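Below is one structure, written out as C-alpha cells; comments come after it.
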Amino acid sequence: IIPDKWLMKPNPSTKSQLTAIKKLLKTAKEVVIATDADREGEVIGVEVLEYCGYNGNRSRLWLSALDEKSIKKALNDIRPAEKTYPLYEAGLGRQRADWLFGMSITRGLTIANNGKIEGVMNAGRVQTPTLRLVVDRDMEIENFKPTDYFDVEVMFNHDAGKYKGKLIPTEDMLVNDYLIDKAIAQKVANEVSASGSGVITEYKKQKKTNQAPLGYSLSQLQKEASSYFGYGAKETLEIAQALYETHKALTYPRSDCQYLPEEQEAEIDDVLSAIFSSNAGDKKLSAVQSKIDKNKRSAIWNTKKVTAHHAIIPTSVSIDPEKLPTPEKNIYKLVVANFLMQFMPEYIYESVQIKTKSLTYNFESKGTTPLQIGWKELARSPAKKKDEEDALLPSVNKDDPVSVESTNIASKQTKPRPRYTEGTLISDLKNIAKFVTDPELKKVLRENSGIGTEATRANIIEKLFATKYLEKEGKKSLKSTEKGRAMISVAPDLLKNPETTSLWEQKLEDISLSKLD
305 IIPDKWLMKP NPSTKSQLTA IKKLLKTAKE VVIATDADRE GEVIGVEVLE YCGYNGNRSR
365 LWLSALDEKS IKKALNDIRP AEKTYPLYEA GLGRQRADWL FGMSITRGLT IANNGKIEGV
425 MNAGRVQTPT LRLVVDRDME IENFKPTDYF DVEVMFNHDA GKYKGKLIPT EDMLVNDYLI
485 DKAIAQKVAN EVSASGSGVI TEYKKQKKTN QAPLGYSLSQ LQKEASSYFG YGAKETLEIA
545 QALYETHKAL TYPRSDCQYL PEEQEAEIDD VLSAIFSSNA GDKKLSAVQS KIDKNKRSAI
605 WNTKKVTAHH AIIPTSVSID PEKLPTPEKN IYKLVVANFL MQFMPEYIYE SVQIKTKSLT
665 YNFESKGTTP LQIGWKELAR SPAKKKDEED ALLPSVNKDD PVSVESTNIA SKQTKPRPRY
725 TEGTLISDLK NIAKFVTDPE LKKVLRENSG IGTEATRANI IEKLFATKYL EKEGKKSLKS
785 TEKGRAMISV APDLLKNPET TSLWEQKLED ISLSKLD
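Just so it is clear: in the sequence shown, position 285 is 589 by my numbering, and no numbers are missing.
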C-alpha cells in the first residue's frame with residue numbers, strides 16, 4: 305500500500321490547540337520553532353507549520369537544558385530554520401517508512417501465516433527485530449544442554465593467613481574448556497593433599513580507581529529500575545514522568561543522554577540544597593553530606609556530549625519523598641544517589657592475585673580489598689551470590705612456602721544466559737550493533753545505531769504484550785508466546801533482522817545531516 309498523496313488528519317483530542325495555532329499563524333510575521341532539539345521535536349514544530357500552510361519567516365531556538373544560563377545562551381543564538389529542516393525530512397521519512405512497513409508487512413505476514421495462528425500478525429520496523437531477540441534467547445535456553453564440570457579447590461595456609469586457590473586445568477584435562485572428568489579432579493586433589501605443601505609463584509597487587517557512573521539516560525534508568533525493583537520499562541517512564549511533571553522533582557525523563565552541560569554548574573548549589581532539605585530524615589544521605597565536594601567535576605559534565613536533552617537529575621525543587629507513592633520514592637532516590645555520587649571521592653581498591661604451585665599443578669586466587677569506599681557508599685548493588693564474593697587475601701611474597709590445609713571438589717553445571725527482563729532487553733536495543741554478524745555491515749554500522757528511541761522502546765515492549773507476542777514469566781522475566789514464535793518463523797530474515805533497522809536508522813541520520821535526500 306503506497307499512497308499517491310500523504311494526508312494528515314488532526315487528532316480529535318488536540319484539535320482545539322491546532323485550531324488556535326492555525327488562527328494565530330494567520331497574523332504572525334515570524335515563527336520561532338522552540339520544540340525539543342532533536343528529530344522528533346523538529347517534526348512536531350515543522351509539521352504543524354506545513355499543515356497550516358504557513359509561509360512567513362521561520363527561525364529555530366536550539367535548547368537542550370532549561371537552566372537560566374543555557375536558556376540565555378540559546379536565545380542569543382537563534383538559528384535560521386533551514387539549518388535544522390533536514391531533521392524534519394528525516395522524521396518525515398521515518399513516519400512514512402514506518403507506516404508503509406507496518407501496513408504492508410502486517411498484511412503480508414498475516415496471509416503468509418495462513419490462519420495457523422489466530423488473528424493479525426502485527427509487524428513493525430522496530431517491534432519485529434525486538435521480538436526476534438526474545439525468541440532467539442528463549443530458543444537458546446530451551447535447547448541448552450547443561451554440562452557437569454568440576455573445580456578443584458585447595459585451602460592453603462601461609463604465615464599471614466589462609467586463602468583458597470582454584471586449579472588452573474591444563475589443556476589435556478579440558479573438554480570444551482571444562483574439566484568434566486571427576487576422576488582427574490579427584491587425582492589432583494589426592495596428590496596435592498598427600499604432598500601437603502606448595503609455593504607461591506606469583507603475587508600481584510594493584511591499586512585501582514573507579515570513577516562515579518555517568519548520569520541516567522532513560523534506558524539506563526529503566527535497566528536499573530528493572531534490576532532493583534522489578535519495574536517494567538513503561539512503568540519506569542510513567543514514574544519518572546510523574547516526578548518531572550507533577551512533582552517537578554526530576555528533569556525531563558525521555559533523554560538518551562548521560563551527560564550534563566557545563567553551563568548548568570551554576571545550579572549545583574541549589575540542587576544539592578534541595579536534595580538535603582528534602583531528605584533530612586534519610587540517614588544514608590545525612591552520613592555522606594560532609595563528604596560532598598561541590599567543586600568536584602566528574603566526567604558527567606561535558607557540554608559537547610549533550611544531545612537534545614541532558615541526563616536525568618534532581619531539580620532544585622524541595623519535596624518530601626516520604627509522602628510519595630513507593631515506586632516514585634524509589635526512582636527519585638535512585639536519581640538523587642546518582643547525582644550525589646558525582647561529588648563524592650573515587651572508589652579505590654586493591655586488586656590482589658596469587659598463583660600457587662603444588663607438585664606440577666597451578667592454582668589461582670583473586671580478591672579485592674577496598675581502600676576508599678567513596679561514591680560506592682551510595683551505590684545500590686544487587687546481592688552477590690556466595691561464589692562471587694570478593695575474597696580478602698593475605699599479604700604474601702613470591703617464593704613463600706605454604707602448606708595444604710584441605711582440598712575440595714566442587715560439582716558445578718554450565719548454565720544458559722538468563723531470560724530477558726525489560727531492563728536487559730532495552731539495554732540490548734540500545735546496543736544493537738553487538739548483534740550484527742555481517743562483517744561488511746559491521747564496518748559501516750555506527751556504534752550508536754540502536755533501534756527505537758529512548759521514548760519509544762517502552763511502548764514497543766508494551767505493544768508486544770498487547771499483541772500477545774510476549775508474556776511475563778515470574779516478576780521480571782520476559783518470554784515469547786506461541787504466537788510470537790510463529791510470527792518470527794514466518795517473517796523473512798530481512799524484516800526480523802536487527803541489522804536492517806539499524807542500517808535504516810543510520811540512513812535516517814544521513815538524511816538529517818543532508819547526506820541523503
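Backbone N, C-alpha and C define an ideal beta-carbon position, used for all residues, glycine too. Quick caveat: nothing in here was measured; it's all calculated off a predicted structure.
Residue from the options whose Cα sits closest to the Cα of residue i
i: V438; options: L812, T728 and S784; result: S784
i: Y651; options: T664, S669, W679 and E632; result: W679
i: G406; options: K800, N494 and Q676; result: K800
i: A763; options: I445, T718, E542 and Q524; result: Correcting the residue identity first, residue 763 is Asn in this sequence and not Ala. Residue E542 is the option with its Cα nearest to N763.
i: G585; options: K609, E626 and A603; result: E626
i: S707; options: G500, I415 and K309; result: G500
i: L367; options: A641, K598, L353 and V336; result: V336
i: N380; options: Y389, Y355, S363 and E386; result: S363
i: E422; options: K491, S497, V492 and G788; result: G788
i: I415; options: L817, M791 and K819; result: M791
i: K313; options: I306, T323 and I305; result: T323
Segment limits, beta strand (DSSP E) that includes residue i
i: A714; result: P705 to Q717
i: R429; result: Element bounds for R429: n/a, residue is neither H nor E.
i: M791; result: M791 -> not in any beta strand (DSSP E); alpha helix (DSSP H) instead, spanning E786 to V794.
i: K512; result: S501 to N514
i: N666; result: Y665 to Q676
i: E654; result: Y651 to S662
i: S363; result: N361 to R364
i: K466; result: G465 to L471
i: V335; result: E334 to I337
Chain-order list of residues whose beta-carbon lies under 8 Å from that of residue i (same chain, five-residue window excluded)
i: Y532; result: N634, L638, R684 and P686
i: E457; result: K468, G469, K470, L471, T711, N712, I713 and A714
i: A570; result: D371, E372 and K373
i: K512; result: I652, Y653, E654 and S655
i: Y482; result: T451, Y453 and T718
i: Y724; result: L437, V438, R441, D732, S781 and L782
i: W310; result: R400
Own chain, CB closer than 6 Å to residue i, minus 5 neighbours either side, in chain order
i: T607; result: P565 and E566
i: A338; result: L365
i: T718; result: P450 and T451
i: Y392; result: E346, V347 and V350
i: L589; result: N583
i: E775; result: K783 and T785
i: E692; result: Residue placement at E692 cannot be trusted, given a pLDDT of 43 that sits under 50; what the coordinates show is reported in the next sentence. Closer than 6 Å at the Cβ level, and outside the excluded window around E692, lies no residue.
i: Y535; result: A529
i: A612; result: D340, A341, D342 and S368
Residue j beta carbon less than 8 Å from that of residue i
i: M425; j: L435; result: no
i: L554; j: Y563; result: no
i: A292; j: S699; result: Residue 292 is absent from the model: the chain starts at 305 and stops at 821.
i: I604; j: M648; result: no
i: E803; j: D742; result: yes
i: E726; j: L522; result: no
i: E444; j: P722; result: no
i: G395; j: E334; result: no
i: I382; j: V352; result: no
i: R398; j: L812; result: yes
i: Y773; j: V492; result: no
Chain C within 8 Å of residue i, Cβ atoms only
i: G397; result: The structure shown contains no chain C; it is built from a single protein chain.
Alpha carbon of residue i to alpha carbon of residue j, nearest angstrom
i: S620; j: A537; result: 26 Å
i: D442; j: I815; result: 36 Å
i: W808; j: A341; result: 21 Å
i: L697; j: K670; result: 8 Å
i: E668; j: P473; result: 10 Å
i: K609; j: A615; result: 10 Å
i: S497; j: K702; result: 22 Å
i: L404; j: L798; result: 15 Å
i: E681; j: N359; result: 58 Å
i: Q568; j: Q545; result: 21 Å
i: Y636; j: P618; result: 8 Å
i: K387; j: G357; result: 20 Å
i: P557; j: I409; result: 32 Å
i: I572; j: R601; result: 11 Å
i: K734; j: E528; result: 14 Å
i: Y507; j: Q515; result: 26 Å
i: V503; j: I677; result: 33 Å
i: P390; j: E632; result: 38 Å
i: G778; j: D485; result: 36 Å
i: A427; j: Q524; result: 27 Å
Host alpha helix (DSSP H) of residue i (start-end)
i: Y355; result: R343 to Y355
i: G397; result: Y389 to N417
Neighbourhood of residue i by C-beta, 7 Å cutoff - its chain only, sequence neighbours within 5 removed
i: A489; result: F454, V456, L483 and I713
heavy atom of the ligand ATP below 7 Å from residue i C-beta
i: T555; result: In the structure shown, the ligand ATP is absent, as is every other ligand, since no ligand is present at all.
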